[in-house]
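Take the sequence shown: its position 17, counted from the start at 1, is 17 in the UniProt record's numbering, and no numbers get skipped.
Idealized CB from N, CA, C, for every residue including glycine.
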Amino acid sequence: MGLYQHFKAKGYDFFVGVPCSYLADFIGELRADPEMTYIPAVREDVAVAIAVGAYMAGRKPLVYLQSSGLGHLVNPITSLLKPYGISIHLLISLRRQPFEHFEMYRIARELLELLEYDDVTLVEEPLCGE
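Dropping the structure here:
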């Protein structure tokens, strides 16, 4: 079962995020499903805000992003999700390449632990040749 089918089976019905080439198959499957709501966002914090609106309207949202965008979620997690007891699932692709992604890849798990946010699925991008 692929990522999209996995989350669909868990009842997620609203997907919003910043497109990521590593998640292209996931995004393609969800875009092709007429039963799903798919909204591409310009930034990760915007995606969380949209997802919170969907959550408040009774939907089960998921936000997808790559690890390089995780820094944009520090404020929404600490001042919106946690204080109001809202849990939005994050699907994060851990990007090691190209090199500018490596530092966020390296600290992503620690950052999530520091934020005490665990409603997350991490998908590690394989290295070239793996």
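Compute the Euclidean distance between the alpha carbons of residue i and residue j, then round it to the nearest angstrom.
i, j, result
"Pro40", "Val16", "6 Å"
"Tyr84", "Tyr22", "32 Å"
"Ala57", "Ile88", "13 Å"
"Thr121", "Leu91", "5 Å"
"Ala51", "Arg43", "12 Å"
"Tyr105", "Leu94", "5 Å"
"Phe26", "His72", "22 Å"
"Gly129", "Glu110", "Low local confidence applies: a pLDDT of 45 at Gly129 is under 50, so the model's placement there is unreliable, and no value is given."
"Gln5", "Glu103", "30 Å"
Between the beta-carbon of residue i and the beta-carbon of residue j, is there less than 8 Å?
i, j, result
"Gly2", "Glu29", "yes"
"Tyr55", "Cys20", "no"
"Ala47", "Val74", "no"
"Asp13", "Arg59", "yes"
"Thr78", "Leu112", "no"
"Phe7", "Leu81", "no"
"Ser67", "Ala108", "yes"
Should residue i be labelled buried (16 or more other beta-carbon atoms within 10 Å of its own) or exposed?
i, result
"Thr24", "According to the sequence displayed, residue 24 carries Ala and not Thr. That one is exposed."
"Pro76", "buried"
"Gly11", "exposed"
"Tyr38", "exposed"
Determine the extent of the beta strand (DSSP E) in which residue i is found, giving its start and end residues.
i, result
"Glu124", "Val120 to Glu124"
"Leu65", "Pro61 to Gln66"
"Val16", "Phe14 to Gly17"
DSSP puts residue i in a beta bridge; with which residues?
i, result
"Ile92", "Leu65 and Leu122"
"Thr37", "Phe14"
Tell me the residue span of the alpha helix (DSSP H) that contains residue i.
i, result
"Leu73", "Premise fails: Leu73 is in no alpha helix (DSSP H) and is neither H nor E."
"Leu30", "Ala24 to Ala32"
"Gly53", "Glu44 to Met56"
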